[in-house]
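Asker:
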Amino acid sequence: MSVASQSIRPSQNSDRIARRLQWAREQLEIGDAEDFDAVRVRTMTRLGKDEFVPDAVTLEAYRVLLGAQRNFFQTRESPSYAQREENALLDEVEKFANQMFAMPLAERRQRWQELYAGVQHCLRAKARLELLWPGVSLELPEIRGEADYKSRLMGYLAELFVLRPAARAERLDEILQAMRGDAKQWSAAVESVRWLHKPWATVAADVLERVEKLPETLAAASAAASSVSVRRDYGTGVGMPSIATASKPASDSGSRRGWIIFVFLAIAFGLLRFFIDVSPGSRVRAPKSSTTSPSDEAELQRLMRALNQRPPNAPFAPDQSSSNAPSVGPARGPLENGTEFRPQSPVLESQLERLQREAEGLPTFDPPSFQPPTFQPPTFDPPTFDPPSFQPPTYRPPTFPTPRNPSPTFGPPAFRQP
Numbered sequence: 092m093s094v095a096s097q098s099i100r101p102s103q104n105s106d107r108i109a110r111r112l113q114w115a116r117e118q119l120e121i122g123d124a125e126d127f128d129a130v131r132v133r134t135m136t137r138l139g140k141d142e143f144v145p146d147a148v149t150l151e152a153y154r155v156l157l158g159a160q161r162n163f164f165q166t167r168e169s170p171s172y173a174q175r176e177e178n179a180l181l182d183e184v185e186k187f188a189n190q191m192f193a194m195p196l197a198e199r200r201q202r203w204q205e206l207y208a209g210v211q212h213c214l215r216a217k218a219r220l221e222l223l224w225p226g227v228s229l230e231l232p233e234i235r236g237e238a239d240y241k242s243r244l245m246g247y248l249a250e251l252f253v254l255r256p257a258a259r260a261e262r263l264d265e266i267l268q269a270m271r272g273d274a275k276q277w278s279a280a281v282e283s284v285r286w287l288h289k290p291w292a293t294v295a296a297d298v299l300e301r302v303e304k305l306p307e308t309l310a311a312a313s314a315a316a317s318s319v320s321v322r323r324d325y326g327t328g329v330g331m332p333s334i335a336t337a338s339k340p341a342s343d344s345g346s347r348r349g350w351i352i353f354v355f356l357a358i359a360f361g362l363l364r365f366f367i368d369v370s371p372g373s374r375v376r377a378p379k380s381s382t383t384s385p386s387d388e389a390e391l392q393r394l395m396r397a398l399n400q401r402p403p404n405a406p407f408a409p410d411q412s413s414s415n416a417p418s419v420g421p422a423r424g425p426l427e428n429g430t431e432f433r434p435q436s437p438v439l440e441s442q443l444e445r446l447q448r449e450a451e452g453l454p455t456f457d458p459p460s461f462q463p464p465t466f467q468p469p470t471f472d473p474p475t476f477d478p479p480s481f482q483p484p485t486y487r488p489p490t491f492p493t494p495r496n497p498s499p500t501f502g503p504p505a506f507r508q509p
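Pasting the structure below:
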């Protein structure tokens, strides 16, 4: 068999099969005029280098060339070839997008139709061309100069139209940043574009809206920046007080400072009074009681004077000359004559015990008064039940209407005498 008869040629005259054969030859590194025997030798050589463990790309390329030699092609493509084919189509579509507005309208439409017919099996390229379809019939005016904001805005719209979504958003932010100096002029140019170029206003409505609102956006951003609090630099003394501090009236800070001083003085006075009361050398004051009689009050004052005049650590021995002083009772401390002292009044007894604890520097406390709670049983009112009143229905005989023409009465005929 001659080399010409065994040369590898596509069985169908189509660009897709030709691209697939070209990919297979590139994978196996063979020329266009080599026969299938050369393909077999080159494949076995690569298998020897790979320790006879072929990869998926080599097997796919071998099957493609084998199918071309036997005049058949597999309908199922390998992932590697399908990805390569899709990337090639996407590159062609992006190349058309970059040159779209530089082409005349007729050439632009024809090129779009050719690309759309060849990407039916590639969904990504097909979707990209469908997004570019509204711009096929749009005309782009020439930019006259830097002062022509309308034509410059049209150029920005054309640039943003052919970009992919992510790149389009990034480029739009850059354009808006560049428009900050002449925001009012750009906003006025939006009205001209909407009036003179309505197709462009429909295609790029979102971009025109953001450019139109650019002065309002800058004003809002400036107001927000001016309201941000600036903290004072205490080291250099440069700066301003924060907004939160400046916004508060002076009366609030003054009232808060007054309350702090008042609480501090109250705590200090309470602590000072406590230390004066519990100190051993302090004079004992008679506790006030609303239940003390005049005689008990006089006796208590006498005991206080005797207690305050005693040496610091001397035992308590009240004067026995009083009629209320000596008495026999529970142990309250021995006196000089061996008797015990006990006041006659229970109020004096409790107050004397408190005075002794204060004299010895022990804490004093008043036993809390406890009143047992009174229990009141709940009152329960039994519910009253009223039996329902039942009235028997009254029977009324039915009434029938009287007929208009009463029925004739029958009887013997009346005879007249002649």
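Take 92 as the starting number for the sequence shown in this note's numbering and just add one per residue.
Glycine residues also receive a C-beta, built at the ideal position from the N, C-alpha and C atoms.
Could you give the uninterrupted runs of the alpha helix (DSSP H) lying entirely in the segment 236–270, keeping only those of 4 residues or more?
Answerer: Secondary structure remark: continuous alpha helix (DSSP H) runs of at least 4 residues inside the segment 236–270, in chain order: 240–252 and 256–269.
Asker: CB-CB under 7 Å to A280, same chain, minus the five flanking residues each way: which ones, in chain order?
Answerer: Sequence-distant Cβ neighbours of A280 in its own chain, meaning closer than 7 Å and more than five residues away, are Y240, K241 and L244.
Asker: Kindly give me the distance between the Cβ atoms of L220 and W203, rounded to whole angstroms, as I take these residues to be in contact under 8 Å.
Answerer: 7 Å
Asker: Should the segment 176–192 be regarded as contacting the segment 244–264, the criterion being three or more beta carbon pairs within less than 8 Å?
Answerer: yes
Asker: Just to confirm, are L309 and R347 a CB contact at a threshold of 8 Å?
Answerer: For the 8 Å CB-CB criterion, L309 and R347 do not form a contact.
Asker: Comparing C-alpha positions only, which one of R215, R133 and E151 sits nearest to D182?
Answerer: R215
Asker: Looking at the structure shown, is A296 part of a helix, part of a strand, or coil, going by DSSP?
Answerer: helix
Asker: By the DSSP assignment, the alpha helix (DSSP H) with L287 in it spans what residues?
Answerer: Per DSSP, L287 belongs to the alpha helix (DSSP H) from A274 to L287.
Asker: Taking Cβ positions, are A173 and A115 nearer each other than 8 Å?
Answerer: no
Asker: Are there 16 or more other CB atoms within 10 angstroms of the CB of H288, so buried, or fewer, so exposed?
Answerer: When all chains shown are included, H288 counts as buried.
Asker: Grouping DSSP H, G and I as helix and E and B as strand, with all else coil, what is T327?
Answerer: Because the pLDDT at T327 is just 47, under 50, the model does not fix this residue reliably, and the value given afterwards should be weighed accordingly. Coil.
Asker: Taking a contact to mean a Cβ-Cβ separation below 8 Å, would you say L453 touches M395 in this structure?
Answerer: no
Asker: Answer yes or no: do A292 and R285 have a C-beta to C-beta separation smaller than 8 Å?
Answerer: yes
Asker: With a CB to CB cut of under 7 Å and the five nearest residues on each side skipped, what residues in its chain are close to S283?
Answerer: K241
Asker: In angstroms, rounded to a whole number, what distance separates the CA positions of D273 and R175?
Answerer: CA-CA distance, D273 to R175, rounds to 47 Å.
Asker: At which residues does the alpha helix (DSSP H) containing I108 begin and terminate?
Answerer: D106 to L119
Asker: Under three-state DSSP, which class holds F365?
Answerer: The answer is helix: DSSP assigns F365 an H, G or I state.
Asker: Identify, in the order they occur along the chain, each residue of the same chain with its Cβ nearer than 6 Å to the Cβ of R200, setting aside the five sequence neighbours on each side.
Answerer: Within the same chain, R200 has close Cβ partners V227.
Asker: Rounded C-beta distance between W350 and L305? I'm assuming under 8 Å.
Answerer: Not confirmed; about 51 Å, so no contact.
Asker: In three-state DSSP terms, what is L196?
Answerer: In the three-state reduction of the DSSP assignment, L196 falls in the helix class, which pools H, G and I.
Asker: Count the other C-beta atoms from every protein chain shown that fall within 10 angstroms of the C-beta of V354, then say buried if there are 16 or more, exposed otherwise.
Answerer: exposed
Asker: For L62 versus V155, is the C-beta spacing smaller than 8 Å?
Answerer: An answer regarding residue 62 cannot be provided, because it is not within the stretch 92 to 509 covered by the chain.
Asker: Please return the same chain residues whose Cβ sits closer than 7 Å to the Cβ of R107, not counting the five positions on each side in sequence.
Answerer: none
Asker: Whole-angstrom Cβ separation of P225 and V294, contact assumed at under 8 Å?
Answerer: 5 Å
Asker: Mind checking A188: buried by the 16 CB within 10 Å criterion, or exposed?
Answerer: buried
Asker: Do you know how far the Cα of A208 is from the Cα of E265?
Answerer: One C-alpha to the other measures close to 36 Å.
Asker: Tell me whether T470 is buried or exposed, calling it buried when 16 or more other Cβ atoms sit within 10 Å of its Cβ.
Answerer: exposed
Asker: What's the gap between the Cα of E303 and the Cα of L206?
Answerer: 36 Å
Asker: Cutting at 8 Å between CB atoms, please list the residues of its own chain near G139, excluding the five before and the five after it.
Answerer: none
Asker: F471 by DSSP, collapsed to three states: which one?
Answerer: coil
Asker: Alpha carbon to alpha carbon, how far is M135 from V184?
Answerer: 38 Å
Asker: Mapping DSSP to helix, strand and coil, what is V130?
Answerer: Residue state for V130 is assigned as helix, using DSSP reduced to three classes.
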